[in-house]
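Chains as they are written, first to last, in this note's numbering: chain A, 583 to 729; chain B, 3 to 95; chain C, 22 to 110.
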Amino acid sequence: MLIGRVIGEMVATQKHESHSGCKALIVQPLQLDGSNRGDAVIAFDSVDAGVGDRVLLVTDGYAAMTSLGRLESPIDMAVIGVIDRLDFSLSPGGTGPATGNSVTTGSAAADSGLSLPLEPFGGRGQELLLPAVPVKKKTGRKKEGEN
Amino acid sequence: MILARVVGTVVATRKDPRLEGFKLLILKPISPEGKDESGYVVSVDTVGAGASETVLAVAGSSARMADGCKDRPVDSAVVAIVDTVSLDRVREP
Amino acid sequence: MYLGRVIGKVWATVKNDSLRGQRLLIVQPLTPELAPAGKTVICADCSGAGAGETIYWCKGKEASFPFLPALVPSDNTVVGIVDLLHVKR
Chain A
583 MLIGRVIGEM VATQKHESHS GCKALIVQPL QLDGSNRGDA VIAFDSVDAG
633 VGDRVLLVTD GYAAMTSLGR LESPIDMAVI GVIDRLDFSL SPGGTGPATG
683 NSVTTGSAAA DSGLSLPLEP FGGRGQELLL PAVPVKKKTG RKKEGEN
Chain B
3 MILARVVGTV VATRKDPRLE GFKLLILKPI SPEGKDESGY VVSVDTVGAG
53 ASETVLAVAG SSARMADGCK DRPVDSAVVA IVDTVSLDRV REP
Chain C
22 MYLGRVIGKV WATVKNDSLR GQRLLIVQPL TPELAPAGKT VICADCSGAG
72 AGETIYWCKG KEASFPFLPA LVPSDNTVVG IVDLLHVKR
């Protein structure tokens, strides 16, 4: 499993039928220091995570399908947990855990790196979800940026 | 399988119910000489490994074959605590 | 799954029988900001995506599942066409 941060959501009406009813999240896998680990991926959600949450991302297909209860479906990644806290220390001797204990406002700028903050239960990103837009022809992709 | 050392734990109360009762460990891969390699992985613990221990972790679908991991959504599991690593000495030509 | 854009097609007359009739698309992987992210890949298609569309695709053994019970040796398959991306970094 990897640690990632939910940075958005994806909507697709035309897709494989076994994907219907799945919530598709855009997840950015993270390194332990909080920096990005490669490119963001699309993962289906099985724990009702929201934008801004730190999550556990599983990258094996069968594990992802099992978590969603959809076997024989072309799914290779899923969010299987929302992280409350990370305790770790990278120093060789293991001089004790570095724990996070600051409350986040959901802003990426508040990240301090090693100690990922404790997030309140049921916390969602500050961003409001956009209402579903009608399916547009061919060039109907719309990206909503936020800063 | 990879050689890794346990560097921390992940606490997640909201998670797939099939992960209940499993400790989630943060592992840092290491070379056979003991040096840290890049990256990390979060694995379920099936052997009771503690902090700073050197372990073997298995990834991919094979992780589900570990005892207690059948039908659980895991893609990485700690399957052994390492006692010794012995490397053959390379003879210089 | 990964985001991508269809940038072309591959035609092949001589191929493994199990790929007969399969559409093969050239896909450029994308970041959520729709910037290129790495090398292009060749994907089988189960979504009917057209040129230039933003799609999402999956890798691995799961990529052969949309074609079951036919056994198609695909390790990358386009599984859906993206309507909307909502990104907040």
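Ideal placement from N, C-alpha and C gives every residue a C-beta, glycine not left out.
On a predicted model such as this, the values are computed, not experimentally measured, just so you know.
- Put simply, the backbone Cα of V661 of chain A is about 13 Å away from that of R20 of chain B.
- Remark: C-beta atoms of V108 of chain C and I589 of chain A approach each other more closely than 7 Å.
- If one requires a minimum length of 3 residues, the beta strand (DSSP E) runs lying completely within the region 57-100 of chain C are 62-66 and 75-80, in chain order.
- Annotation: the region 639-676 of chain A contains the following complete segments of the beta strand (DSSP E) (minimum length 3 residues), in chain order: 660-664 and 667-670.
- Straight across, the Cα-Cα distance linking D73 of chain B with G23 of chain B is about 15 Å.
- With contacts defined by Cβ atoms closer than 7 Å, V664 of chain A and A622 of chain A do not form a contacting pair.
- Looking at the DSSP output, V81 of chain B shares a beta bridge with no other residue.
- Taking C-alpha positions only, D18 of chain B is separated from A33 of chain C by approximately 44 Å.
- In this structure, the CA atom of W78 of chain C is about 11 Å from the CA atom of Q49 of chain C.
- With a cut-off of 8 Å on Cβ pairs, the region 63-77 of chain B is not in contact with the region 597-616 of chain A, counting fewer than three such pairs.
- According to DSSP, residue pairing for P75 of chain B in a beta bridge does not occur.
- Each of B:L27, B:T15 and B:R16 was checked against the Cα of V8 of chain B, and the nearest Cα belongs to B:L27.
- At least one CB of chain A lies nearer than 7 Å to the CB of G81 of chain C.
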